[in-house]
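To start, the structure itself, in structure tokens.
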Ligand SMILES: [Fe+2]
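Residue numbers (the numbering used here): 10 to 229.
Quick look at the structure:
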């Protein structure tokens, strides 16, 4: 595997001629739990409605006109295992303090993460919305994206590309006690981890499929 950290500037000239988007703008969800979903996203993101009626809600939490839109479609079936689609969307906070104060605020409202992990490059809290769409609220573990990216090429990441779970209440307590964020964000060594250690929707199925593909490849 290429161990170089790839940056946009290092792309060949032919690739540099391709125009990429300037940002990720928004995502749109269709739901039959309309009011519940709108309430949930407003609560989790601290979002406000830019436009809302009985059919559509456009929500934002910054200077974009909308970051999330929710479409009311009664009678939809729930999501099922075994279908392809978006696994999760991730949102970055400005500091560990901001991330953990969000954890505390949501916890006190009864919204708890379904999976809490230090990936190495990021410290991440995964939530499941009322329709079981998964969101990752995260903070970068290093001061620069280059440093975070380098973690992908470290021996620690090769051994454990998943991360190390932690107790968010303990993290919150240590943060409030004054432990430096940089130390709290450093991923401890926990040995080998694989896809089976991801306690998120579809991860087990994915793991089974990967194992199957691995077996097939070995058999060929
Ligand atoms: Fe992610």
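Backbone N, C-alpha and C define an ideal beta-carbon position, used for all residues, glycine too.
A distance criterion of 6 Å places the beta-carbon of residue 90 beyond contact range of ligand 1, judged by its closest non-hydrogen atom. Ranked by how close their Cα comes to the Cα of residue 193, the residues 175, 205, 209 and 206 have 175 in first place. Collapsing the DSSP output to three states places residue 80 in a strand. Ranked by Cα distance from residue 134, the first of 81, 53, 201 and 199 is 53. Contact check for residue 124 and residue 209: beta-carbon distance about 5 Å, within the 8 Å limit, so the pair qualifies. A distance criterion of 6 Å places the beta-carbon of residue 99 in contact range of ligand 1, judged by its closest non-hydrogen atom. Under the rule that a run must span 4 or more residues, the alpha helix (DSSP H) segments found entirely inside the stretch 32 to 60 read 43 to 54. Taking 6 Å as the cut-off, one finds at least one heavy atom of ligand 1 near enough to the beta carbon of residue 145. Annotation: the continuous beta strand (DSSP E) that includes residue 133 extends over 131 to 137.
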